[in-house]
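Working notes, structure below.
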Amino acid sequence: MSRTRTERLVNLVICLLSTRRFLTAAQIAATVPGYEHDPDDPRDHEAFQRKFERDKAELRELGVPLETGTASAFDTEPGYRIAHREYALPDIPLEPDEAAAVGIAARLWRHAGLAAAASSGLAKLRAAGIDVDPQATLGMEPVVTVDPAFAPLTTAARDRRTVTFEYRVPEGDAPTSRRLQPWGVVCWRGRWYVVGHDLDRAAARCFRLSRIIGGAVRVLGEPNAFSPPVGVDLISHVARFSGPVERSGRATVLVRPGRAAGLRRWAREVTSGPDGDRLVLPYAEAESLASRLVGYGPDVRVVDPPEVREAVIQRLKEIAARHDDVVVARTSA
104 MSRTRTERLV
114 NLVICLLSTR
124 RFLTAAQIAA
134 TVPGYEHDPD
144 DPRDHEAFQR
154 KFERDKAELR
164 ELGVPLETGT
174 ASAFDTEPGY
184 RIAHREYALP
194 DIPLEPDEAA
204 AVGIAARLWR
214 HAGLAAAASS
224 GLAKLRAAGI
234 DVDPQATLGM
244 EPVVTVDPAF
254 APLTTAARDR
264 RTVTFEYRVP
274 EGDAPTSRRL
284 QPWGVVCWRG
294 RWYVVGHDLD
304 RAAARCFRLS
314 RIIGGAVRVL
324 GEPNAFSPPV
334 GVDLISHVAR
344 FSGPVERSGR
354 ATVLVRPGRA
364 AGLRRWAREV
374 TSGPDGDRLV
384 LPYAEAESLA
394 SRLVGYGPDV
404 RVVDPPEVRE
414 AVIQRLKEIA
424 ARHDDVVVAR
434 TSA
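Numbering (the numbering used here), first residue to last: 104 to 436.
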């Protein structure tokens with residue numbers, strides 16, 4: 104599925120979750136980014152209807168409880184909404200690799216760019232006189248900070264435009280200028296990478312976004328300047344260049360009885376005690392492990408080592424700070 108369509112589907116879900124009334128196709132088209140069209144143009148309107156029908160079918164195949172009905176007995180056009188009571192998910196046990204895949208998707212879902220588009224759509228609903236539930240999409244607020252280079256690189260990859268940036272490698276003293284035809288941006292082991300064709304090396308390369316100096320990315324040339332390889336696997340490119348994972352560290356965490364099933368499957372040792380179960384977890388980087396642990400909330404507490412405990416505390420402070428910013432923004436709106 105393309106990134107553009109994914110964004111459209113996410114915003115459609117946000118739109119239909121944010122109101123309890125049925126929304127007609129015309130109201131959805133005027134609200135959700137990606138459905139813009141001229142309703143008076145038969146060909147343009149037909150293209151919208153085909154797109155909307157495909158998206159409805161996609162949501163239903165994904166298990167989204169999309170309902171059809173009318174807001175009142177006087178309405179002649181059917182509307183759509185998502186049943187809140189049926190949309191909530193039970194606890195789902197995931198293997199470590201499955202959890203990692205979901206984590207990547209969640210980071211993209213919660214990216215500030217998606218949140219901005221969602222906010223625009225909700226503003227349009229309010230302007231149309233439709234009641235909006237401000238609590239319905241709290242879980243879709245951006246909670247992950249991406250590198251400054253994320254937005255310009257994803258845009259350049261979408262528009263197929265060449266970029267240039269200053270890049271510093273760990274073993275180098277001074278940054279070097281790189282020219283890249285970006286194929287896409289992916290998350291690997293908790294870090295963001297751009298993969299593409301390096302014009303100066305005449306070969307495929309990947310670059311960690313955090314090593315781009317100042318996150319400054321400059322666009323060169325016109326759109327559609329290149330075509331990415333068909334079926335390219337971006338994750339495989341990053342994995343090949345970054346090498347195997349060395350999980351030589353060991354962390355001990357205290358888990359409440361019956362909780363954190365994903366961590367239990369991953370643990371090397373599990374010891375039961377009066378205050379909970381002690382798990383010994385292998386890890387490569389403290390920050391990456393911390394990002395995983397905070398998702399379990401108060402069910403998990405780090406015993407040692409100090410570097411993991413401090414990384415968890417720092418991660419929680421960052422999340423709290425972003426939450427405070429969201430509350431302030433809503434209060435002043």
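The C-beta atom is built at its ideal place from N, Cα and C for all residues, glycine as well.
By how many angstroms is the C-alpha of residue j removed from the C-alpha of residue i?
i: arginine 123; j: tyrosine 183; result: 10 Å
i: aspartate 380; j: isoleucine 422; result: 26 Å
i: leucine 382; j: leucine 302; result: 47 Å
i: glutamate 161; j: threonine 134; result: 19 Å
i: valine 288; j: alanine 252; result: 10 Å
i: leucine 256; j: valine 320; result: 7 Å
i: valine 247; j: alanine 424; result: In this prediction, valine 247 has a pLDDT of 46, which is less than 50 and means its spatial position is unreliable; what the coordinates show is noted afterwards. Whole-angstrom Cα-Cα distance: 12 Å.
i: aspartate 147; j: arginine 153; result: 10 Å
i: glutamate 390; j: valine 167; result: 34 Å
i: leucine 384; j: threonine 355; result: 6 Å
i: threonine 109; j: valine 116; result: 11 Å
i: alanine 305; j: arginine 418; result: 39 Å
i: arginine 308; j: glutamine 284; result: 10 Å
i: glutamate 139; j: glutamate 149; result: 12 Å
i: serine 280; j: arginine 343; result: 23 Å
i: valine 298; j: alanine 328; result: 16 Å
i: serine 351; j: valine 397; result: 21 Å
i: proline 278; j: threonine 258; result: 24 Å
i: arginine 412; j: phenylalanine 151; result: 51 Å
i: threonine 179; j: arginine 163; result: 23 Å
i: arginine 359; j: tyrosine 399; result: 10 Å
i: valine 429; j: arginine 294; result: Reliability fails at valine 429, whose pLDDT of 44 lies under 50, so the model's placement of it is uncertain and the value that follows must be treated cautiously. Each residue's alpha carbon lies about 24 Å from the other.
i: alanine 82; j: lysine 420; result: The shown model of the chain, from 104 to 436, leaves out residue 82, and the question about it has no answer.
i: aspartate 262; j: arginine 371; result: 45 Å
i: phenylalanine 268; j: proline 145; result: 45 Å
Should residue i go down as buried or exposed, given a rule of 16 or more other Cβ atoms within 10 Å for buried?
i: glutamate 170; result: exposed
i: leucine 165; result: exposed
i: serine 121; result: buried
i: aspartate 143; result: exposed
i: proline 401; result: exposed
i: alanine 393; result: buried
i: phenylalanine 177; result: exposed
i: alanine 363; result: buried
i: proline 245; result: Low confidence applies here, because proline 245 scores a pLDDT of 40, under 50, leaving its location unreliable; read the following figure in that light. When all chains shown are included, proline 245 counts as buried.
i: valine 445; result: No answer is possible for residue 445: the residues shown for the chain start at 104 and end at 436.
i: arginine 395; result: buried
i: leucine 192; result: Residue placement at leucine 192 cannot be trusted, given a pLDDT of 48 that sits under 50; what the coordinates show is reported in the next sentence. Answer is exposed; the Cβ neighbour count stays below 16.
On a Cα-Cα basis, can you pick out the residue from the options that is closest to residue i?
i: proline 181; options: Ala150, Glu164, Ile131; result: Ile131
i: valine 403; options: Asp378, Tyr386, Lys420, Ala129; result: Asp378
i: glycine 361; options: Val373, Thr355, Ala354; result: Val373
i: glycine 376; options: Leu357, Leu392, Gly398; result: Leu357
i: histidine 300; options: Ala277, Pro331, Arg395; result: Pro331
i: alanine 260; options: Tyr296, Glu149, Glu139; result: Tyr296
i: asparagine 114; options: Ala128, Cys309, Gly137; result: Gly137
i: alanine 387; options: Cys309, Arg353, Gln417; result: Arg353
i: tyrosine 270; options: Ala254, Phe310, Arg294; result: Phe310
Compute the beta-carbon to beta-carbon distance between residue i and residue j, rounded to the nearest angstrom, for a pair I have assumed lies under 8 Å.
i: valine 415; j: leucine 323; result: That pair is no contact at about 41 Å.
i: arginine 264; j: proline 326; result: 5 Å
i: leucine 112; j: aspartate 158; result: 6 Å
i: tryptophan 286; j: valine 341; result: At roughly 11 Å, the Cβ-Cβ gap does not stay under 8 Å, so tryptophan 286 and valine 341 are not in contact.
i: isoleucine 185; j: leucine 119; result: 4 Å
i: alanine 128; j: phenylalanine 155; result: 6 Å
i: aspartate 250; j: glycine 318; result: 6 Å
Do the segment 327 to 344 and the segment 357 to 368 touch if we need at least three Cβ pairs shorter than 8 Å? no
Should the segment 407 to 421 be called in touch with the segment 306 to 319, which here means at least 3 C-beta pairs below 8 Å? no
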